[in-house]
Amino acid sequence: MFFKRNRILKSSGIMTVILLVTGIAAFAQQPQMAEEAFKNIQLLKGVPVDQFMDIMGFFSASTNLNCIDCHGEAAGGGWEHYADETPMKAKARKMMLMVQNLNKDSFGGARFVTCYTCHRGDRRPQVDPSLAIQYGEPTIDPNLVEITRQAAGAPSADQVFDKYIQALGGSRGLAGLTSFVAKGTYNGYDTEFEDMPIEVYAKGPDHRTTVIHFRSGDSITTFDGHSGWISEADKPVPLIQLTGGEVDGAKVDAVVAFPAGLKQVRATWLVGTTQIDDRDVIVAQGTSGGQQPVKLYFDKDSGLLVRQVRYVQLPVGRVPTQMDYNDYRDVAGVKMPFKVVATWVDGRSTTKLTEVQTNVPIDAAKFAKPSPGAKPAAR
Numbered sequence: 005m006f007f008k009r010n011r012i013l014k015s016s017g018i019m020t021v022i023l024l025v026t027g028i029a030a031f032a033q034q035p036q037m038a039e040e041a042f043k044n045i046q047l048l049k050g051v052p053v054d055q056f057m058d059i060m061g062f063f064s065a066s067t068n069l070n071c072i073d074c075h076g077e078a079a080g081g082g083w084e085h086y087a088d089e090t091p092m093k094a095k096a097r098k099m100m101l102m103v104q105n106l107n108k109d110s111f112g113g114a115r116f117v118t119c120y121t122c123h124r125g126d127r128r129p130q131v132d133p134s135l136a137i138q139y140g141e142p143t144i145d146p147n148l149v150e151i152t153r154q155a156a157g158a159p160s161a162d163q164v165f166d167k168y169i170q171a172l173g174g175s176r177g178l179a180g181l182t183s184f185v186a187k188g189t190y191n192g193y194d195t196e197f198e199d200m201p202i203e204v205y206a207k208g209p210d211h212r213t214t215v216i217h218f219r220s221g222d223s224i225t226t227f228d229g230h231s232g233w234i235s236e237a238d239k240p241v242p243l244i245q246l247t248g249g250e251v252d253g254a255k256v257d258a259v260v261a262f263p264a265g266l267k268q269v270r271a272t273w274l275v276g277t278t279q280i281d282d283r284d285v286i287v288a289q290g291t292s293g294g295q296q297p298v299k300l301y302f303d304k305d306s307g308l309l310v311r312q313v314r315y316v317q318l319p320v321g322r323v324p325t326q327m328d329y330n331d332y333r334d335v336a337g338v339k340m341p342f343k344v345v346a347t348w349v350d351g352r353s354t355t356k357l358t359e360v361q362t363n364v365p366i367d368a369a370k371f372a373k374p375s376p377g378a379k380p381a382a383r
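One rule links them: number in my numbering = place in the sequence shown (from 1) + 4.
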């Protein structure tokens, strides 16, 4: 009996340790919430930091206002002033509650109305009809094309992906690509469009790290196949864990570098057509239960991927990220885009590669959680 009891006690102790360690590990992986990182958070508590920043971008895209317009002129002199109370912040909170109640009372809580529904990129929603829009040439935003069923006459998803693989160099060539290290330049709003050095480390099938050497310190974005982080110097939050649609987007970006597995990022694909810059493209829209759609745009003639659009679902609406791929060049028998333009609600950047080394050994630590960036300098 004692033996059995001792075994039970030991087993219980082991289980307690396992549960404790598991709990600690899970706690360590919990993303930081907005109210933990920032001050004066009133309505957006419980939102991870990365999604909170996306929400700020959503507000900017909806109203065409920048950070200073809402946070006040003092915010231009230091991060601490972003917490200052301003009339614009108070107004924004009232509008958020108005939209929330409208969706709750009129649409059963479904998010049919957002800031963008009325503002459409204008600080003041337009109330009068625009004759220029009514009688002008219609504009088509290819990103807004929704493929809800397979278009008549369009190729099958298998045909689209097969043509893409062949355009890149064939399945055998892609199978021989296991890793690469690239160097080049990066510029965007965060560099005032001055070129900065960038390094890209990629390992198949879905590991990717980028290091941008800013003057204030390095910006590191890492995805290890499951989790992602952004470490930046001179930022109020020096290390941000990616969550939800952001970590899913990081995975898509990583897989694009090893496209043999691109079709598997979503379970179901439907195909249609549209145009980008007056060029015919094939659109493959992928969906999976519980995930936001991914849209892939392939040049109709060459079969190469020219654009990727993905989304992040937020408490206030949905935001897109657009990746444009250009300047494909042959590297060890495989075509790679040497120019990538990223556009999202918080900015736009251009990466141009100057050299690529394939199948080089990359230390696993390169894809691990990075250290927090250097603290902001006093302003």
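We treat Cβ as the ideally placed atom computed from N, Cα and C, and that holds for glycine.
At a Cβ threshold of 9 Å, is residue i touching chain B?
{"i": "T195", "result": "Note that chain B does not occur in the displayed structure, where there is just one protein chain."}
For residue i, which residues in the same chain have their Cβ closer than 8 Å to its Cβ, ignoring the five residues on either side in sequence?
{"i": "A171", "result": "S306, G307, L308, K339"}
{"i": "A368", "result": "none"}
Once the 5 residues before and after residue i are set aside, which same chain residues still bring their CB inside 7 Å of it?
{"i": "V259", "result": "P209, D210, G265, L266, V269"}
{"i": "I45", "result": "A38, E39"}
{"i": "I151", "result": "L274, V275, G276, V287, Q289"}
{"i": "F197", "result": "N191"}
{"i": "A261", "result": "A206, R212"}
For residue i versus residue j, is the C-beta distance shorter than 9 Å?
{"i": "K370", "j": "W233", "result": "no"}
{"i": "G61", "j": "D238", "result": "no"}
{"i": "D88", "j": "V323", "result": "no"}
{"i": "A254", "j": "F227", "result": "yes"}
{"i": "V364", "j": "S183", "result": "yes"}
{"i": "T272", "j": "G290", "result": "yes"}
{"i": "Q326", "j": "N68", "result": "no"}
{"i": "K356", "j": "D331", "result": "yes"}
{"i": "I244", "j": "Q36", "result": "yes"}
{"i": "A336", "j": "T362", "result": "yes"}
{"i": "P201", "j": "G221", "result": "no"}
{"i": "K299", "j": "R283", "result": "no"}
{"i": "T213", "j": "T195", "result": "no"}
{"i": "I144", "j": "T347", "result": "no"}
{"i": "E236", "j": "S223", "result": "yes"}
Quick check on the burial criterion: 16 or more other C-beta atoms within 10 angstroms. Buried or exposed for residue i?
{"i": "F116", "result": "exposed"}
{"i": "R127", "result": "exposed"}
{"i": "D257", "result": "buried"}
{"i": "R311", "result": "buried"}
{"i": "V344", "result": "buried"}
{"i": "G321", "result": "buried"}
{"i": "F165", "result": "buried"}
{"i": "K98", "result": "exposed"}
{"i": "V51", "result": "buried"}
{"i": "P263", "result": "buried"}
{"i": "G394", "result": "Missing from the structure shown is residue 394; the chain here goes from 5 to 383 and no further."}
{"i": "R176", "result": "exposed"}
{"i": "V25", "result": "Summary for V25: the model assigns pLDDT 41, below 50, so the residue's position carries little reliability, and this model does not support an answer."}
{"i": "L178", "result": "buried"}
{"i": "Y139", "result": "exposed"}
{"i": "P3", "result": "There is simply no residue 3 to check, as the chain begins at 5 and stops at 383 in what is shown."}
{"i": "P341", "result": "buried"}
Reducing DSSP to helix, strand and coil, say where residue i ends up.
{"i": "H75", "result": "helix"}
{"i": "G221", "result": "strand"}
{"i": "L386", "result": "For residue 386 there is no data in the structure shown, the boundaries of the chain being 5 and 383."}
{"i": "D331", "result": "strand"}
{"i": "F111", "result": "helix"}
{"i": "F227", "result": "strand"}
{"i": "I59", "result": "helix"}
{"i": "L274", "result": "strand"}
{"i": "K98", "result": "helix"}
{"i": "A369", "result": "helix"}
{"i": "Q36", "result": "coil"}
{"i": "L106", "result": "helix"}
{"i": "S292", "result": "coil"}
{"i": "V51", "result": "coil"}
{"i": "S64", "result": "helix"}
{"i": "K93", "result": "helix"}
Which same chain residues end up closer than 6 Å to residue i when comparing Cβ atoms and leaving out the 5 residues on each side of it in sequence?
{"i": "Y86", "result": "H75, A79"}
{"i": "S66", "result": "C119, Y120, H123"}
{"i": "G27", "result": "Interpretation of G27 is limited by its pLDDT of 48, a score under 50 that renders its predicted location unreliable; the figure taken from the coordinates is listed afterwards. Correct list: empty, nothing qualifies."}
{"i": "T387", "result": "Outside the displayed range of the chain (5 to 383) lies residue 387, so it cannot be described from this structure."}
{"i": "D199", "result": "T189, N191"}
{"i": "Q55", "result": "L318"}
{"i": "V103", "result": "V117"}
{"i": "N70", "result": "none"}
Just checking residue i against the ligand ZN - is the residue's beta carbon closer than 8 Å to any of the ligand's heavy atoms?
{"i": "V131", "result": "Among the components of this structure there are no ligands whatsoever, and the ligand ZN is therefore not found."}
(message) At 4 residues or longer, what runs of the alpha helix (DSSP H) sit wholly inside the stretch 120-196?
(response) Listed in chain order, they are 135-139, 161-172, 174-179.
(request) List in chain order: all unbroken beta strand (DSSP E) runs of 3+ residues lying wholly within the stretch 297-362. (result) Counting only runs of 3 or more residues that sit fully inside the stretch 297-362, the beta strand (DSSP E) segments are 298-303, 309-318, 321-335, 338-348, 351-362, in chain order.
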